[in-house]
Structures are given as structure tokens and as C-alpha cells.
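Be aware that the sequence shown starts at 13, since it is given in my numbering, and climbs by one per residue. Everything on this sheet refers to the single structure shown next.
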Amino acid sequence: MVKINSNDVLLGRGGNSFRHSGNKKFRELANTLAKRYRDSSKLQKSEISKGMVRHVGNLDPPGRFLKKNTASERWEEVNVMIAREKA
């Protein structure tokens with residue numbers, strides 16, 4: 013069972029994920045990189061998204077990208093590719 017920490021990014025819609033501290037931090041990071049991302053090539057955009065995912069994982073405690081399993085109602089860590097889609 014996954015215990016959510018303050019640096020986790022919760023995937024999905026709704027107030028819980030929007031208000032979660034990890035999502036707020038992630039949005040702040042995205043906002044600081046937005047202009048650079050817009051002005052980047054496809055390859056550079058890929059590197060930026062990798063860096064964002066890596067940044068979340070390097071926090072203390074390490075952040076993860078989590079999605080709620082609708083069958084079990086438990087949070088599960090998603091793979092890197094799904095995390096990069098969020099980034």
C-alpha cells in the first residue's frame with residue numbers, strides 16, 4: 013500500500029489532486045519552465061519533461077507520480093512514461 017507524501021504528484025481530476033502540496037509544487041515548477049518549454053524543439057521539450065520528473069524524484073522525501081486504482085481505491089505509482097506525459 014502506497015502512503016502519499018507531501019512531494020507526490022497525484023494524477024487525476026478533482027480537488028484532492030489540485031490542492032495536494034506535491035501538485036502545487038509541480039505546477040510552480042511547470043510555470044517557471046513554461047516559456048523555455050514553449051520556445052523549445054521537440055527534443056528539448058522531451059529533455060525538459062524528463063528533468064521535471066527527475067526533479068520530483070530528487071525531493072526530500074522523494075516525490076512520485078501516483079494514480080488511484082479505481083478497482084482497489086488505492087494509490088499506485090505510475091511508470092516514467094506516464095509521469096512524463098503529466099510533465
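Cβ coordinates follow ideal geometry from the N, Cα and C atoms, glycine included.
Since residue i and residue j are thought to touch, with beta carbons under 8 Å apart, how far apart are those beta carbons, to the nearest angstrom?
i	j	result
LEU78	LEU22	5 Å
LYS62	ARG96	6 Å
Going along the chain, which residues of its own chain have a beta-carbon closer than 8 Å to the beta-carbon of residue i, five neighbours each way excluded?
i	result
ARG86	MET13, VAL14, LYS80
PRO73	ASN17, SER18, ASN19
Express the C-alpha separation of residue j and residue i in angstroms, rounding to a whole number.
i	j	result
ILE94	VAL65	10 Å
LEU55	ALA99	14 Å
ALA46	HIS32	21 Å
ARG24	GLU89	Checking the sequence shown, residue 24 turns out to be Gly, not Arg. Cα to Cα, the separation comes out at about 13 Å.
Near residue i, what residues of its chain come up, given a Cβ to Cβ distance below 7 Å and the 5 sequence neighbours on each side ignored?
i	result
TYR49	LYS57, ILE60
ASN35	VAL21, LEU22, SER29
SER52	ILE60
HIS67	LEU41
Which class does residue i belong to by DSSP, given the choice of helix, strand or coil?
i	result
LYS62	helix
VAL21	strand
GLU40	helix
GLU97	helix
Give the single residue among the options whose Cα lies nearest to the Cα of residue i.
i	options	result
VAL92	LYS37, ALA83, ALA42, GLY69	GLY69
ARG76	LYS37, GLY26, THR82	LYS37
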